[in-house]
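According to this note's numbering, the sequence shown is numbered sequentially starting from 186.
Each remark here refers to the structure printed beneath this line.
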Amino acid sequence: MRVPFVNLKKQYSSIKAEVDASIARVLDSGNFILGGEVEAFEKEFASYCGAKHAVCVSSGTEALYLSLLAAGVKRGDEVITAANTAVPTATAVLMAGATPVFADASEKDFNIDPGLLEKQVTKKTKAIIPVDLYGQCADLTPVREIAEKHSIPVIEDACQAHGALYESRKAGSLCDFGCFSFYPTKNLGAYGDAGAITVNDEEKAEKLRLLRNYGQKSRYEHVSFGVNSRLDEIQAAVLRVKLRKLDGWNEQRRKLSRTYSEKLGGAVSLPLEMPGRKHVFHLFVVRSKLRNALQEHLSKAGVATIIHYPLPVPMQPYFAQNGFFRGSFAVASKLSGEILSLPIYPELSGEEADFVCSSVKSFFDRRGSRS
Ligand SMILES: Cc1ncc(COP(=O)(O)O)c(C=O)c1O
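Written out as structure tokens, the structure reads:
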């Protein structure tokens, strides 16, 4: 048996009729950028997240970049984020002309450690970006308390956490800005690049609408700086179909995570769902000191795995060479040597999940050792 890391064709075939009809509707309309589909999706997604507004943009990176601009971040400012995130979180900070400052992770939930975050706050800190890594919200209450104490806005990177809950509230509704990516492999994925920002006040939403469209208030009336970060109608129409399935798909991911946890406990260290949080398992990340050998064994057995991420961002060549390796990232470094993401997506069959588990177990049985 071969188990791919994701299988987007399987998902498409399960929703083909609805998706094809929605794309045909856009093609027939002759309206392709920022039209009725985008507007409708913005309303539906804001309501799904429990936020007042959603503003669609062209990617998750752009969502973070425009949020930083709307939060007033300027050249020379510092922005604190997680050391163990996807590189685009930090790229967005560089796009805004600011300096990314990294804080180490907590070993419990792999998210930014609020205590270490506070140690990085200086007079130059003008935003904090906690990342809801792998589908579980960061510990947002202490992060927000630190931010409030220092009057710094919080931009939640929820690019991996569509539908995740923190104290019964959805990711994207708890901070000043919630940033989402709809990259095709995400829990809610478009058929191309796409993103959105959720906010709770109209003034921020309006700023973001200007920023994504050349600062244009009405046709050829440019009232602020802006870029082209618009979403197209086809992606919005696809996202509207998929949003209706998101909760069911997330439940399927959670069910698979239970299968993995039941069958793999004792062999590898399992992801922890923290009290008060609902994990949506964008990724199912296990830990093992024998990670490299385990990955090789799984690859030979036909199970695709990925490491998210092999190096903390400040240790990536570009960031290290440009002076962004400032601080200690002992936890993030240790994690990057031990973590392994197993295949998890709603269409993964029970038989495939069982095969993944028996392949992991056969590795340890053969060695007579554990994690
Ligand atoms: C945590 C995180 N932040 C930001 C991004 C950037 O999103 P996009 O690829 O849509 O620009 C991603 C996507 O990979 C991500 O996982």
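Cβ coordinates follow ideal geometry from the N, Cα and C atoms, glycine included.
Remember, predicted model here, so these are calculated numbers, not experimental data.
Output yes or no for whether 7 Å exceeds the beta carbon distance between residue i and residue j.
i      : j      : result
ASP317 : ALA343 : yes
HIS335 : ASN372 : no
ASP378 : ILE218 : no
GLN196 : GLU458 : no
ILE529 : VAL470 : no
VAL545 : LEU449 : yes
GLU264 : PRO299 : First, the residue type needs correcting, since residue 264 is Val and not Glu in the sequence shown. Result no, Cβ atoms of VAL264 and PRO299 do not sit closer than 7 Å.
ASP262 : LYS309 : yes
PHE226 : ARG425 : yes
CYS542 : LYS355 : no
THR490 : LEU455 : no
LYS557 : VAL258 : Coverage of the chain is limited to positions 186 through 556, which leaves residue 557 absent and any answer about it impossible.
VAL188 : VAL453 : no
ALA349 : VAL191 : no
PHE509 : PRO499 : yes
GLU303 : ILE331 : yes
HIS238 : ALA390 : yes
LEU251 : LEU393 : yes
ILE314 : THR284 : no
TYR351 : CYS322 : yes
Using 10 angstroms around the beta-carbon of residue i, count the other beta-carbons present and answer buried if the total reaches 16, otherwise exposed.
i      : result
TYR503 : exposed
THR246 : buried
ALA255 : buried
PRO495 : exposed
GLU481 : exposed
ARG462 : buried
VAL413 : For the record, residue 413 in the displayed sequence is Asn; it is not Val. Exposed, since its Cβ has fewer than 16 Cβ neighbours within 10 Å.
GLN506 : exposed
THR266 : buried
ASP324 : buried
GLU537 : buried
ASP432 : exposed
ASN477 : exposed
VAL408 : exposed
ARG552 : exposed
SER353 : exposed
PHE410 : exposed
ARG511 : exposed
THR307 : exposed
LYS427 : buried
ARG429 : exposed
ARG129 : In the structure as shown, the chain starts at 186 and stops at 556, and residue 129 therefore has no counterpart that could be examined.
SER521 : buried
ALA209 : exposed
ASP294 : buried
My guess is that residue i and residue j are in contact by the Cβ rule of under 8 Å, so how many angstroms apart are they, rounded?
i      : j      : result
LEU253 : ILE340 : 7 Å
VAL516 : GLY380 : Their Cβ separation, rounded to whole angstroms, is 29 Å, which puts VAL516 and GLY380 out of contact at 8 Å.
GLN305 : ALA288 : 5 Å
ALA375 : VAL211 : Actually they are not in contact, since the Cβ atoms of ALA375 and VAL211 sit about 13 Å apart, beyond 8 Å.
GLY320 : LEU468 : 6 Å
ARG397 : VAL223 : The Cβ separation is near 10 Å, so there is no contact.
ALA231 : THR383 : 6 Å
VAL272 : GLN501 : 6 Å
PHE514 : ALA281 : So it is not a contact: roughly 22 Å between Cβ atoms.
LEU479 : PHE548 : 5 Å
GLY400 : ALA236 : Rounded, the Cβ-Cβ distance is 24 Å, inconsistent with contact.
Would you give the residue range spanned by the beta strand (DSSP E) that residue i belongs to?
i      : result
HIS562 : Here the chain covers residues 186 to 556 and nothing more, so residue 562 does not appear.
GLU263 : 263 to 267
ILE218 : No beta strand (DSSP E) holds ILE218; DSSP gives it neither H nor E.
SER526 : 524 to 527
Start and end of the alpha helix (DSSP H) containing residue i?
i      : result
ARG511 : From DSSP, ARG511 is part of no alpha helix (DSSP H); its letter is neither H nor E.
THR490 : Element bounds for THR490: n/a, residue is neither H nor E.
PHE469 : It is not in any alpha helix (DSSP H) - PHE469 instead sits in the beta strand (DSSP E) that spans 469 to 472.
GLY245 : 245 to 255
LYS546 : 535 to 552
PHE504 : 502 to 506
At the 7 Å Cβ level, is residue i part of the contact set with chain C, yes or no?
i      : result
SER454 : The structure shown contains no chain C, having only a single protein chain.
(request) Write down every uninterrupted run of the alpha helix (DSSP H) in the stretch 365 to 446 whose length is 4 residues or greater and which is fully enclosed by it, in chain order. (result) List check, alpha helix (DSSP H) in window: 387 to 396, 418 to 428.
(message) Threshold first: 4 residues or longer. Then list the alpha helix (DSSP H) segments lying entirely within the stretch 277 to 359, N to C.
(response) For the stretch 277 to 359, the continuous alpha helix (DSSP H) assignments of 4+ residues that do not extend past its boundaries occur at 299 to 304, 325 to 334, in sequence order.
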